[in-house]
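Colleague:
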Amino acid sequence: MPLTLPAKRNRISVAATAMLVIALLFFRTPAWAEPLTDDEADMHSLLEKSLSVVEIDKEIARIGEQKEQLTLTMTDTERQLMLQEQQISDKQDEAGSVLRAYYMGERDFLLSALLSFDSLSELFQMLDYAEIILTQDKHTLNTYVEQYRKVKEGYTQLETRKDELIAIEEQLRTQRERVLALEQQLNQELSGRSDADRIRILMKELTSYWETAGIDEVKQYFRALSKAMGKLPSWVQDHKELLEIKGFQYTIRVPEDDLNSFLREQNDIFNNFAFDFVDGKVIAQGKRDNMEIKISGHYTIENDPKNAILFHVDELLFNGFALPDTTRSALEKEFDLGFYPDLIVSFLNANSVEMKDGELTIKLSLKL
2 MPLTLPAKRN RISVAATAML VIALLFFRTP AWAEPLTDDE ADMHSLLEKS LSVVEIDKEI
62 ARIGEQKEQL TLTMTDTERQ LMLQEQQISD KQDEAGSVLR AYYMGERDFL LSALLSFDSL
122 SELFQMLDYA EIILTQDKHT LNTYVEQYRK VKEGYTQLET RKDELIAIEE QLRTQRERVL
182 ALEQQLNQEL SGRSDADRIR ILMKELTSYW ETAGIDEVKQ YFRALSKAMG KLPSWVQDHK
242 ELLEIKGFQY TIRVPEDDLN SFLREQNDIF NNFAFDFVDG KVIAQGKRDN MEIKISGHYT
302 IENDPKNAIL FHVDELLFNG FALPDTTRSA LEKEFDLGFY PDLIVSFLNA NSVEMKDGEL
362 TIKLSLKL
């Protein structure tokens with residue numbers, strides 16, 4: 002059926018809108034370089050919220066899978082505990098009989114028999130007989146104690162998993178409420194706009210672009226960073242000028258230019274990517290294939306499970322759109338961007354880390 006003139010105009014309008022979002026995503030200037038107009042800021046906010054909804058939905062799905070797996074584990078643990086309780090019931094009776102026998106003096110005959118032998122051969126026979134009885138009694142008691150210990154450990158694990166399940170359910174509730182609130186905001190903000198349909202198209206285009214290309218690009222950077230950070234300790238060892246020693250105090254100073262040179266030696270992906278150390282923050286940003294990435298974060302000293310300088314992502318921008326904390330957290334868990342001082346010198350611990358004036362400063366001391 003041929004399209005009417007209004008329908009053709011609508012089709013053209015939709016196509017034009019799609020082209021617009023492609024232009025916005027591929028050919029825009031860096032979002033952190035130029036301020037947005039009010040209309041652009043409103044549009045940017047709507048698109049950013051729509052992207053957050055998609056990403057938080059992924060977190061909800063992940064938490065849901067975690068909850069399902071934990072529930073299955075708890076069910077299996079409860080089943081095992083029921084079997085163990087049935088087994089321990091029999092052993093409890095046996096152990097009780099043994100204890101009663103000693104308490105009531107029913108094992109006194111062993112001592113009497115050992116003291117009333119007429120010959121060494123009779124003594125040895127009585128000793129063998131006593132050893133058999135005592136060994137069996139000991140085995141009965143030990144078996145009961147071991148099974149009882151396992152049951153107690155099982156219930157402790159079950160209680161721990163119940164606490165984990167409560168925490169997971171709380172996370173699930175929080176994220177669901179968060180998504181609902183964002184969706185309500187979007188619907189309210191779109192309801193008063195004449196271009197609501199076009200904006201919804203932009204939202205779908207942005208989501209599609211992020212899921213088909215953007216997230217892979219971001220992960221490539223994180224993967225390359227993780228691999229490079231694993232080589233950083235040996236690089237520091239090869240550059241003794243970065244290490245200052247005063248008595249038992251060690252200081253590593255890494256200028257941002259040196260770090261950027263090191264990264265570019267590791268992977269060409271960093272040729273258009275740069276790190277800056279500014280006022281306690283690490284800022285890394287760059288552009289490749291018309292995709293702009295900006296990562297802001299900070300380092301902290303952690304001692305569990307081992308002394309390490311770990312990187313935390315405070316902000317992640319893709320083509321100027323901020324990704325939610327759930328995305329940042331997932332990337333932190335997937336890729337280790339930490340720095341481990343004991344890989345430089347095994348007897349050193351990091352005490353502090355500071356980022357300012359274009360330099361990363363790490364202070365270390367001897368392990369006590």
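In this text, residue positions in the sequence shown follow my numbering: the first is 2, and each later residue adds one.
C-beta atoms are modelled at their ideal positions from N, C-alpha and C, and glycine is treated no differently.
1. With 16 as the cutoff for other CB atoms within 10 Å, does T38 come out buried or exposed?
2. So what's H240 in DSSP terms, helix, strand or just coil?
3. Roughly how many angstroms lie between the CA atoms of L47 and E165, to the nearest whole one?
4. Cα-Cα, which of R177, S366, L338, K220 is closest to Y248?
5. Is it buried or exposed, M356, if we count other Cβ atoms within 10 angstroms and call 16 or more buried?
6. Taking just the CA atoms, how far does Q185 sit from Y251?
7. Consult DSSP for K247 and reduce its assignment to one of helix, strand or coil.
8. Kindly confirm or deny that the region 318-332 and the region 344-361 touch, where touching means at least three C-beta pairs closer than 8 angstroms.
9. DSSP has S297 in a bridge; who is on the other side?
10. Suppose you measure from the CA of N272 to the CA of E266; what does that come to, to the nearest Å?
11. Using three-state DSSP, classify A17 as helix, strand or coil.
12. What do you get for Q238, buried or exposed, if any count of 16 or more other CB atoms within 10 angstroms of its CB means buried?
13. Which residue spans inside the region 311-363 form an unbroken beta strand (DSSP E) run of at least 3?
14. Please state whether DSSP places D196 in a helix, a strand or coil.
15. Buried or exposed: L181, going by 16 or more other Cβ atoms within 10 Å of its Cβ?
16. Looking at the strands, I want to know which residues DSSP matches up with A309.
17. V314 to L243, Cα distance in whole Å?
18. Measure the alpha-carbon distance for A214 versus F274 and round it to whole angstroms.
19. Which residues in the same chain as H299 place their Cβ atom closer than 8 angstroms to its Cβ, once the five residues preceding and following it in sequence are excluded?
20. Whose C-beta lies closer than 7 angstroms to the C-beta of D58 among residues of the same chain, with five residues either side of it excluded?
21. With 16 as the cutoff for other CB atoms within 10 Å, does L84 come out buried or exposed?
22. For Q189, count the other beta carbons within 10 Å of its own beta carbon; 16 or more makes it buried, fewer makes it exposed. Which is it?
23. Who are the near neighbours of Q221 in its chain, counting only those whose CB is closer than 7 angstroms to its CB and skipping five residues on each side?
24. With a threshold of 6 angstroms on Cβ separation, who are the neighbours of A285 within its own chain once the five nearest residues in sequence on each side are excluded?
25. Compare the C-alpha of T78 against each of R177, F340, E160, L191 and name the closest.
26. From what residue to what residue does the beta strand (DSSP E) around D277 run?
27. Among all the DSSP beta bridges, which residues are the ones paired with P256?
28. Nearest by alpha-carbon distance to E56: which of F340, E69, L183 is it?
29. Please go through the same chain and pick out, in chain order, the residues whose beta-carbon is closer than 8 angstroms to the beta-carbon of K9, but skip the five residues on each side of it.
30. Alpha carbon to alpha carbon, how far is Y210 from S330?
31. Of the residues Q176, E293, I200, R254, which one's Cα is nearest the Cα of P342?
32. For T76 and I246, I'd like the C-alpha separation in whole angstroms.
33. Distance, Cα to Cα, I302 vs W236?
34. Given this structure, state the Cα-to-Cα distance separating A197 from L191, to the nearest angstrom.
35. In the DSSP output, which residue or residues are listed as bridge partners for S366?
Modeller: By the coordinates alone:
1. Position 37 of the sequence shown holds residue 38. Its Cβ having fewer than 16 others within 10 Å, T38 is exposed.
2. Position 239 of the sequence shown, counted from the first residue, corresponds to residue 240. DSSP places H240 in coil when its eight states are reduced to three.
3. Stepping through the sequence shown from its first residue, residue 47 is reached at position 46. Stepping through the sequence shown from its first residue, residue 165 is reached at position 164. For L47 and E165, the distance between alpha carbons rounds to 35 angstroms.
4. Translated into the one-based positions of the sequence shown, residue 248 becomes position 247. Reading the sequence as shown, one finds Gly at residue 248 and not Tyr. The shortest Cα separation from G248 among R177, S366, L338, K220 belongs to S366.
5. Counted from its first residue, the sequence shown places residue 356 at position 355. M356 should be labelled buried.
6. Position 250 of the sequence shown, counted from the start, is the residue given in the question as residue 251. Position 184 of the sequence shown, counted from the start, is the residue given in the question as residue 185. So the two alpha carbons sit approximately 54 angstroms from each other.
7. Here residue 247 refers to the residue found at position 246 of the sequence shown. In the structure shown, K247 sits in a strand (DSSP, three-state: E or B).
8. no
9. Sequence index remark: in the sequence shown, residue 297 carries index 296 (1-based). Answer is I284, E316.
10. Position 271 of the sequence shown, counted from the start, is the residue given in the question as residue 272. Position 265 of the sequence shown, counted from the start, is the residue given in the question as residue 266. About 9 angstroms.
11. Numbered from 1 along the sequence shown, position 16 holds the residue referred to as residue 17. Low local confidence applies: a pLDDT of 43 at A17 is under 50, so the model's placement there is unreliable, and no value is given.
12. Here residue 238 is taken as the residue at index 237 of the sequence shown, counted from 1. It counts as exposed.
13. 349-357
14. Sequence index remark: in the sequence shown, residue 196 carries index 195 (1-based). Coil, per DSSP.
15. Here residue 181 corresponds to residue number 180 of the sequence shown, with the count starting at 1. L181 should be labelled exposed.
16. Stepping through the sequence shown from its first residue, residue 309 is reached at position 308. DSSP lists E303 as partners of A309.
17. Start at 1 with the first residue of the sequence shown, and residue 314 comes out as number 313. Start at 1 with the first residue of the sequence shown, and residue 243 comes out as number 242. Those two C-alpha atoms are separated by around 26 angstroms.
18. Along the sequence shown, one-based indexing puts residue 214 at 213. Along the sequence shown, one-based indexing puts residue 274 at 273. Spanning the two alpha carbons is a distance of roughly 18 angstroms.
19. As a position in the sequence shown, residue 299 is number 298, starting the count at 1. So the list reads G281, K282, V283, F312, H313, D315, M356, once near-sequence residues are dropped.
20. As a working mapping, residue 58 is identified with position 57 in the sequence shown. Excluding sequence neighbours, D58 sits near V180.
21. Position 83 of the sequence shown, counted from the start, is the residue given in the question as residue 84. That one is exposed.
22. Start at 1 with the first residue of the sequence shown, and residue 189 comes out as number 188. Exposed is the call here.
23. Walking along the sequence shown from the start, residue 221 turns up at place 220. Closer than 7 angstroms at the Cβ level, and outside the excluded window around Q221, lie I270.
24. Against the sequence shown, residue 285 aligns to sequence position 284. Contacts found: F276, I296.
25. By 1-based counting over the sequence shown, the position of residue 78 is 77. The shortest Cα separation from T78 among R177, F340, E160, L191 belongs to E160.
26. For the purposes of this step, residue 277 is taken as the residue at position 276 of the sequence shown. Here the beta strand (DSSP E) through D277 covers 274-279.
27. The sequence position of residue 256 within the sequence shown is 255, counting from 1. According to DSSP, P256 bridges with E360.
28. Numbered from 1 along the sequence shown, position 55 holds the residue referred to as residue 56. Closest option to E56, Cα to Cα, is L183.
29. In the sequence shown, counting from the first residue as 1, residue 9 sits at position 8. Below a pLDDT of 50, predicted positions are generally treated as unreliable, and K9, at 42, falls in that range; no measurement from the model is reported.
30. For the purposes of this step, residue 210 is identified with residue 209 of the sequence shown, where counting begins at 1. For the purposes of this step, residue 330 is identified with residue 329 of the sequence shown, where counting begins at 1. Computed Cα separation, rounded: 21 angstroms.
31. Here residue 342 is taken as the residue at index 341 of the sequence shown, counted from 1. Nearest of Q176, E293, I200, R254 to P342, Cα basis: R254.
32. The residue labelled residue 76 in the question sits at position 75 within the sequence shown. The residue labelled residue 246 in the question sits at position 245 within the sequence shown. Going by the C-alpha atoms only, they are around 56 angstroms apart.
33. Residue 302 sits at position 301 when you count from the first residue of the sequence shown. Residue 236 sits at position 235 when you count from the first residue of the sequence shown. About 20 angstroms.
34. Residue numbering aside, residue 197 sits at position 196 when the sequence shown is read from its first letter. Residue numbering aside, residue 191 sits at position 190 when the sequence shown is read from its first letter. The straight-line gap from Cα to Cα measures roughly 5 angstroms.
35. Position 365 of the sequence shown holds residue 366. For S366, which the question treats as bridged, DSSP gives the partners Q250, N350.
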